[in-house]
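Structure below.
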């Protein structure tokens, strides 16, 4: 069961653990333990963000022309779009879409989908 970090059960558990500390050394050990686990979880979440967009696109990423999307919908370079899709690090930070950019990207996919569905080649 997923718990909200501020749920009553979590707060009660934290209070129970804190009350079991008999020395400042105990408190420091617990603080260090929790801090290390939070750091690891944060790193894991960062890794998930880095691959999330690429995984969601699946083989569609191979089918679409990133250069076209970057230029037409963002007025940016293919490299810029690719960095965000792949979660590449630039200047030490992973690149991600802002919420507005993600909306634009999704609108671009919908627009292209609509345009493709209307195409019929005839002789």
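Residue numbers (the working numbering): 59 to 181. From the three backbone atoms N, C-alpha and C, an ideal C-beta is built for every residue, glycine too.
{"Check": "Three or more C-beta pairs closer than 8 angstroms, one from the region 83 to 92 and one from the region 121 to 135: is that the case here?", "Outcome": "no"}
{"Check": "Could you compute how far the alpha carbon of residue 157 sits from the alpha carbon of residue 72?", "Outcome": "34 angstroms"}
{"Check": "Does the separation of the CB atoms of residue 145 and residue 100 fall below 8 angstroms?", "Outcome": "no"}
{"Check": "Residue 170 and residue 103: beta carbons closer than 8 angstroms?", "Outcome": "no"}
{"Check": "Under 8 angstroms between the Cβ atoms of residue 143 and residue 113?", "Outcome": "no"}
{"Check": "With respect to 7 angstroms, is the separation between the Cβ of residue 80 and the closest non-hydrogen atom of the ligand SAM below this value?", "Outcome": "Questions concerning the ligand SAM fall outside what the structure shown contains, since it holds no ligand whatsoever."}
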